[in-house]
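Novice: Residue numbers (UniProt numbering): 1 to 84. Just so it is clear, CB atoms sit at the ideal spot from N, CA and C, and this is done for glycine as well.
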Amino acid sequence: MLVRPAVLARAGKGKSSMLQDAEGHRKTEIEVIIGAVVKAASASGVDVPLNRAMVALIGGLERGWRVSVDADPSSLRSHRMISI
1 MLVRPAVLAR AGKGKSSMLQ DAEGHRKTEI EVIIGAVVKA ASASGVDVPL
51 NRAMVALIGG LERGWRVSVD ADPSSLRSHR MISI
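1) Within its chain, find whatever has a CB closer than 8 Å to the CB of residue 29; leave out the 5 residues flanking it on each side and keep chain order.
2) Assign residue 36 to buried or exposed, taking buried as 16 or more other Cβ atoms, counted over all protein chains shown, within 10 Å of its Cβ.
3) How would you label residue 55, buried or exposed, when you count the other beta carbons within 10 angstroms and need 16 or more for buried?
4) Relative to the alpha-carbon of residue 57, which residue among 42, 34, 10 has its alpha-carbon at the smallest distance?
5) May I ask which residues mark the beginning and end of the alpha helix (DSSP H) holding residue 60?
6) Grouping DSSP H, G and I as helix and E and B as strand, with all else coil, what is residue 16?
7) Can you give me the start and stop residues for the alpha helix (DSSP H) that residue 42 sits inside?
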């Protein structure tokens, strides 16, 4: 996909709120925005694997942010790989 320089110039150097949340290790809006797409698609019988993957991956990042750096390693055993 080609992005024209004029579009980039208008976009400026701003960051989306979701990127700002991710950089600050805060809970993002992924579940509200993309999670809603996944739920609506599921209710309609439509498969949206990339959207499901985004929700799962970003949700995994968020859960990882909440694990304390000095946590007891045995407490990390509950974190498992998820299948998409």
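Specialist: The structure says:
1) Answer for residue 29: 17, 18, 21, listed in chain order.
2) Only exposed fits residue 36, as fewer than 16 other CB atoms lie within 10 angstroms of its CB.
3) Only buried fits residue 55, as 16 or more other CB atoms lie within 10 angstroms of its CB.
4) 34
5) 49-65
6) coil
7) Judged by DSSP secondary structure, residue 42 falls within the alpha helix (DSSP H) whose first and last residues are 30-43.
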